[in-house]
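Structure first, then comments.
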């Protein structure tokens, strides 16, 4: 990846941002990722705003671009700190906490597409993710031929007959 100016500033942010005790806040957070078995670095938007208002504003308006640079910068810092853990998790995921304003769910409009917003709510129901078969392989009982079959519907479809021996 070519180092964009934003990437360079984000690397500097991760190195230079201090907590109330004067310790490197995000360096310490990156160190604790491996010990806690976590993959996500939580970044406070207010810290970014204090460090560089331009980056913070860009994060609100162009989150995809800046988050890619943020992930690359955090992963680079993790590579220097614990390369084995980075290889295990592939990349450090960056999560943004406390953007400047919260939008009620009912007020989300098309103008918010592509921008970083914060919503809050209560989860009333959670369901298990169910697997969905997209391709199935059947073995013909007559000739032992493998028959691939696409599964476009939630219910499992079986082949009507074997294309080789025509048995059902």
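Residue numbers (my numbering): 3 to 170. Heads up, the beta-carbon is just placed ideally off N, CA and C, and yes, glycines get one too. Just so it is clear, the structure is predicted and the values come from calculations on it, not from any experiment.
First and last residue of the uninterrupted beta strand (DSSP E) at residue i
| i | result |
| --- | --- |
| residue 45 | 42 to 46 |
| residue 149 | 148 to 152 |
| residue 80 | It is not in any beta strand (DSSP E) - residue 80 instead sits in the alpha helix (DSSP H) that spans 65 to 83. |
| residue 98 | 95 to 99 |
Neighbour-count burial assignment, residue i, 16 or more Cβ in a 10 Å radius
| i | result |
| --- | --- |
| residue 169 | exposed |
| residue 79 | buried |
| residue 75 | buried |
Proximity test, residue i beta-carbon vs the ligand SAM heavy atom, cut-off 7 angstroms
| i | result |
| --- | --- |
| residue 75 | This structure does not include the ligand SAM; it has no bound ligands of any sort. |
First and last residue of the uninterrupted alpha helix (DSSP H) at residue i
| i | result |
| --- | --- |
| residue 31 | 27 to 38 |
DSSP-derived helix/strand/coil call for residue i
| i | result |
| --- | --- |
| residue 8 | helix |
| residue 174 | The structure shown does not extend to residue 174, since the chain is modelled only from 3 through 170, so no value can be given for it. |
Residue closest to residue i, alpha-carbon to alpha-carbon, out of the options
| i | options | result |
| --- | --- | --- |
| residue 149 | 132, 109, 71 and 163 | 163 |
| residue 39 | 160, 22, 123 and 84 | 84 |
| residue 49 | 37, 76 and 98 | 98 |
| residue 77 | 155, 13, 102 and 27 | 13 |
| residue 44 | 32, 55 and 161 | 32 |
Any 3 or more C-beta pairs closer than 8 angstroms across the stretch 4 to 14 and the stretch 65 to 76: yes
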